[in-house]
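> Counting from 1, one number per residue, gives the positions in the sequence shown under the UniProt record's numbering. Where a beta carbon is used, it is the ideal one built from N, C-alpha and C, also for glycine. Just so you know, these numbers come straight off a predicted model, no measurement behind them. Input: one structure, supplied below.
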Amino acid sequence: MHASDPKTNPTMLKPKPKLMSIPFQLDWVLYEDDDIIVVNKPAGLLSVPGKNLDPEINLLAQVQKHAPTALIVHRLDMDTSGIMVLAKNKASHRHLSIQFQDRLTSKTYQAICFGKPPTDQGYLNLPMRCDWENRPLQIIDFKQGKEATTHWKLTAQYDKAFEVHLTPITGRSHQLRLHMKMLGHPILGDNLYADCQSLALSTRLLLHAANLKITHPKTGQTLQFEHFISLEKFLTGTFSA
1 MHASDPKTNP TMLKPKPKLM SIPFQLDWVL YEDDDIIVVN KPAGLLSVPG
51 KNLDPEINLL AQVQKHAPTA LIVHRLDMDT SGIMVLAKNK ASHRHLSIQF
101 QDRLTSKTYQ AICFGKPPTD QGYLNLPMRC DWENRPLQII DFKQGKEATT
151 HWKLTAQYDK AFEVHLTPIT GRSHQLRLHM KMLGHPILGD NLYADCQSLA
201 LSTRLLLHAA NLKITHPKTG QTLQFEHFIS LEKFLTGTFS A
């Protein structure tokens with residue numbers, strides 16, 4: 001059973017988001033030591049090199065200009081901004097990769113979504129898989145999909161939209177974007193999953209990785225990083241709280 005038919009999906013007619021070339025800036029760095037570097041990725045920048053694209057137009061290449069040994073551990077979608085941790089040596093890379101694989105990390109995202117939610121918070125348990133004919137789109141599939149769970153909590157209500165904190169219990173590609181669409185409240189500015197009305201209400205995808213908790217790969221200390229931003233400034237319409 002599929003929850004959507006990609007052949008009639010209006011998102012297929014939308015223009016692709018513009019890939020941006022953004023040079024490294026020192027104020028991206030939220031924390032750095034001999035083993036890790038934590039940065040705030042700008043929206044519009046790939047996390048890693050894309051196929052048949054300039055190898056310099058991605059976060060990893062830009063961070064390596066500052067920290068040459070940096071290694072990617074996890075990714076954010078190109079249009080998603082926010083906190084990422086990179087390893088600075090192979091031992092740290094192995095340790096951090098296991099943390100993400102075994103769900104020992106904790107992440108919270110900010111998002112602004114269309115409409116008014118039915119309650120103040122809730123869980124979404126909707127299995128997902130890749131829509132192979134329409135990659136990179138993901139679809140809900142209750143037979144072949146992988147487990148995907150998201151917790152959402154209302155933080156502000158506007159006239160036509162609301163702000164939430166999203167906590168992915170699992171880490172599927174496009175999980176937050178697809179889950180909020182299936183709830184009936186797509187994330188504003190989402191070129192892949194929002195309808196045209198929701199897409200037009202923002203100048204960018206209003207999804208930001210604002211909080212990340214990890215265990216330091218060498219010291220074993222629990223580290224928590226926060227970088228919340230004002231997503232409202234990207235709204236194109238009139239929104240009052």
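Distance, Cα to Cα, Tyr-193 vs Ile-187?
Start at 1 with the first residue of the sequence shown, and residue 193 comes out as number 193. Start at 1 with the first residue of the sequence shown, and residue 187 comes out as number 187. In a straight line, the C-alpha of Tyr-193 is about 8 Å away from that of Ile-187.
> Check whether the stretch 117-132 touches the stretch 206-214, taking contact to mean three or more Cβ pairs, one atom from each stretch, closer than 8 Å.
Not touching, per the Cβ criterion.
> What span of residues does the alpha helix (DSSP H) with Ser-230 cover, start to end?
The residue you call residue 230 lines up with position 230 of the sequence shown. First-last for Ser-230: undefined, no H or E at that position.
> May I ask you to report which of helix, strand or coil DSSP gives Val-63?
Here residue 63 refers to the residue found at position 63 of the sequence shown. Val-63: helix per DSSP, three-state reduction.
> Within a Cβ cutoff of 8 Å, which residues of the same chain sit near Ala-70, ignoring the five residues on either side of it in sequence?
Taking the first residue of the sequence shown as position 1, residue 70 is located at position 70. Taken in chain order, the residues that qualify are Ile-37, Leu-60, Val-63, Gln-64, Leu-86, Ala-87, Lys-88.
> How long is the line joining the alpha carbons of Gln-221 and Ser-81, rounded to whole angstroms?
Numbered from 1 along the sequence shown, position 221 holds the residue referred to as residue 221. Numbered from 1 along the sequence shown, position 81 holds the residue referred to as residue 81. Rounded to whole angstroms, Gln-221 to Ser-81 spans 26 Å at the Cα level.
> Measure the C-alpha to C-alpha separation of Gly-122 and Pro-68 and round it to an integer number of angstroms.
Within the sequence shown, the letter at position 122 stands for residue 122. Within the sequence shown, the letter at position 68 stands for residue 68. Approximately 42 Å, taken between the alpha carbons.
> So, does the stretch 153-167 touch the stretch 102-110, judging by three or more C-beta pairs under 8 Å?
A contact exists between the stretch 153-167 and the stretch 102-110.
> Straight-line CA distance for Ala-43 to Thr-215?
Counting from one through the sequence shown, the residue named residue 43 turns up at place 43. Counting from one through the sequence shown, the residue named residue 215 turns up at place 215. Spanning the two alpha carbons is a distance of roughly 26 Å.
> Taking C-beta to C-beta, are Thr-149 and Leu-201 nearer than 7 Å?
If you number the sequence shown from 1, residue 149 lands on position 149. If you number the sequence shown from 1, residue 201 lands on position 201. The answer is no: Cβ separation not under 7 Å.
> Pick helix, strand or coil for Leu-13, following the three-state DSSP scheme.
Against the sequence shown, residue 13 aligns to sequence position 13. Residue placement at Leu-13 is poorly supported in this model, since its pLDDT is 44, which falls under 50; the coordinates still yield a value, given next. Helix, per DSSP.
> Output the residue ranges of the beta strand (DSSP E) runs that lie fully inside the UniProt domain "Pseudouridine synthase RsuA/RluA-like" (35-180) and measure 3 residues or longer, sorted by chain position.
Qualifying beta strand (DSSP E) stretches, in chain order: 36-41, 81-87, 106-114, 121-125, 128-130, 138-140, 149-157, 161-168.
> Assuming Lys-213 and Gln-224 make a contact with CB atoms under 8 Å, what is their CB distance in whole Å?
To locate residue 213, count along the sequence shown from 1; it is residue 213. To locate residue 224, count along the sequence shown from 1; it is residue 224. So it is a contact: roughly 4 Å between Cβ atoms.
> Just how far apart, CA to CA, sit Leu-154 and His-174?
Working through the sequence shown from its first residue, we reach residue 154 at position 154. Working through the sequence shown from its first residue, we reach residue 174 at position 174. Cα to Cα, Leu-154 sits roughly 20 Å from His-174.
> Among Pro-168, Met-78, Gln-138, whose alpha-carbon lies nearest the alpha-carbon of Phe-100?
Along the sequence shown, one-based indexing puts residue 100 at 100. Per the Cα distances, Pro-168.
> Out of Asp-190, Ser-92, Phe-24, point me to the one whose CA is closest to Lys-218's CA.
Taking the sequence shown and counting its residues from 1, the one referred to as residue 218 is at position 218. That would be Ser-92, whose Cα lies nearest to the Cα of Lys-218.
> From the DSSP output, which residues share a beta bridge with Phe-225?
Along the sequence shown, read from residue 1 onward, the residue named residue 225 stands at position 225. Bridge partners of Phe-225: Leu-212.
> Can you name the start and end residues of the alpha helix (DSSP H) that Leu-26 belongs to?
Here residue 26 is taken as the residue at index 26 of the sequence shown, counted from 1. Run containing Leu-26: none; DSSP gives neither H nor E here.
> Check Tyr-193 in the structure and name its three-state DSSP category.
As a position in the sequence shown, residue 193 is number 193, starting the count at 1. The answer is coil: DSSP assigns Tyr-193 none of H, G, I, E or B.
> Short of 7 Å in beta carbon distance, which residues of its chain neighbour Leu-45, apart from the five on each side in sequence? Order them along the chain.
Taking the sequence shown and counting its residues from 1, one reaches residue 45 at position 45. These residues qualify, in order along the chain: Met-20, Ile-22, Asn-58, Leu-59, Met-78.
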